[in-house]
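Some notes on the structure that comes next.
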Amino acid sequence: AQSVTQLGSHVSVSEGALVLLRCNYSSSVPPYLFWYVQYPNQGLQLLLKYTTGATLVKGINGFEAEFKKSETSFHLTKPSAHMSDAAEYFCAVSDPQAGTALIFGKGTTLSVSS
Amino acid sequence: NAGVTQTPKFRVLKTGQSMTLLCAQDMNHEYMYWYRQDPGMGLRLIHYSVGEGTTAKGEVPDGYNVSRLKKQNFLLGLESAAPSQTSVYFCASSYLGANQPQHFGDGTRLSIL
């Protein structure tokens, strides 16, 4: 069965600092991978996704993630944090062969201080 | 440009009452999903549908029923609400295929006393 682990339920950075949110997955086949962001009292918005091809994926708002098969990881990064990046971030995985539904991690809350 | 619309946005119920949450999408998506979000638990799939007239169970289906009579609508029912069902409920939809991103509504905040 697939699973997703997000390391760190809460990450705090200063404005302008590097953002690194960690995601590891467990899957018997190379999965499709997604990062979503949730702002307070809103639904989830897609940041970026990896399906096939280039392993470094660029998303919206300056975020990017790299699929590393050998490490079963899909960490999310942004070179310089902005106050508006404060939100909850979810990593999710789907099985290309078997599933239609996403399996979500438990989320990481990002706080950005000035 | 509505996307996915959930009705109602907030509701308070008493234990044992019933209610239906409505999800509507205007993107002609085949797949629709209901999730619940609880603190520290992420999103957990309740039920989903891969097309009009079809439904399937997700990870946490007990205590819920669903119907997809029209392609654009996906209803989630609670027949006899319990305090454990206090949660934020999200509906999502997507095109065919596991590589397609899901589009989410803004959620329904449900409290059961």
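Note that the protein sequences, when read in sequence, are chains X and G. First residue of the first sequence: 1, per this note's numbering; consecutive thereafter. First residue of the second sequence: 1001, per this note's numbering; consecutive thereafter. We put the CB at the ideal spot given by N, CA and C, even for glycine. Please read all numbers here as calculations on a predicted model, not as lab measurements.
Distance CB(residue i)-CB(residue j) smaller than 8 Å
i              : j              : result
residue 1003/G : residue 1026/G : yes
residue 57/X   : residue 46/X   : no
residue 1082/G : residue 1112/G : yes
residue 1087/G : residue 1038/G : yes
residue 1058/G : residue 1048/G : yes
residue 26/X   : residue 72/X   : yes
residue 44/X   : residue 1104/G : yes
residue 92/X   : residue 36/X   : yes
residue 1065/G : residue 1079/G : yes
Residue interval of the beta strand (DSSP E) (run including residue i)
i              : result
residue 32/X   : 32-38
residue 1108/G : 1108-1112
residue 1009/G : Segment: none, residue 1009/G is in no beta strand (DSSP E) and carries neither H nor E.
residue 58/X   : 56-58
residue 50/X   : 44-50
residue 21/X   : 19-26
residue 1015/G : Where residue 1015/G is concerned, there is no enclosing beta strand (DSSP E), given that its DSSP letter is neither H nor E.
residue 1038/G : 1031-1038
residue 9/X    : Run containing residue 9/X: none; DSSP gives neither H nor E here.
residue 112/X  : 108-113
Cross-chain neighbours of residue i in chain A, by beta carbon under 7 Å
i              : result
residue 1026/G : The structure shown contains no chain A; its protein chains are X and G.
Spatial distance of residue i from residue j (CA atoms)
i              : j              : result
residue 19/X   : residue 90/X   : 14 Å
residue 85/X   : residue 77/X   : 12 Å
residue 1098/G : residue 32/X   : 7 Å
residue 1110/G : residue 30/X   : 37 Å
residue 1035/G : residue 54/X   : 30 Å
residue 108/X  : residue 52/X   : 25 Å
residue 121/X  : residue 111/X  : The requested residue 121/X does not occur in the structure, where chain X is confined to residues 1 to 114.
residue 9/X    : residue 1008/G : 30 Å
residue 1018/G : residue 1090/G : 18 Å
residue 63/X   : residue 113/X  : 18 Å
residue 1013/G : residue 1045/G : 22 Å
residue 42/X   : residue 69/X   : 32 Å
Distance cut-off 7 Å: residue i Cβ against heavy atoms of the ligand MG
i            : result
residue 55/X : This structure simply doesn't include the ligand MG, nor any ligand for that matter.
Check your understanding: Taking the runs of the beta strand (DSSP E) that are 3 residues or longer, which of them lie wholly in the segment 65-101 of chain X?
Key -> Secondary structure remark: continuous beta strand (DSSP E) runs of at least 3 residues inside the segment 65-101 of chain X, in chain order: 73-78 and 87-94.
Check your understanding: In chain order, which continuous runs of the beta strand (DSSP E) of length 3 or greater are located wholly inside the segment 1050-1082 of chain G?
Key -> As far as the segment 1050-1082 of chain G is concerned, its whole beta strand (DSSP E) runs of at least 3 residues are 1065-1067 and 1073-1078.
Point to revise | the segment 1011-1028 of chain G / the segment 1069-1081 of chain G touching (three or more Cβ pairs under 8 Å) | key: A contact exists between the segment 1011-1028 of chain G and the segment 1069-1081 of chain G.
Point to revise | Sufficient close CB pairs (3 or more, under 8 Å) joining the segment 68-77 of chain X to the segment 6-23 of chain X | key: Contact between the segment 68-77 of chain X and the segment 6-23 of chain X is present, because at least three Cβ pairs lie under 8 Å.
Check your understanding: Of all the beta strand (DSSP E) runs that stay within the bounds of the segment 1079-1104 of chain G, which reach a length of 3 or more residues?
Key -> Those beta strand (DSSP E) runs which fall completely within the segment 1079-1104 of chain G and span 3+ residues are 1087-1094.
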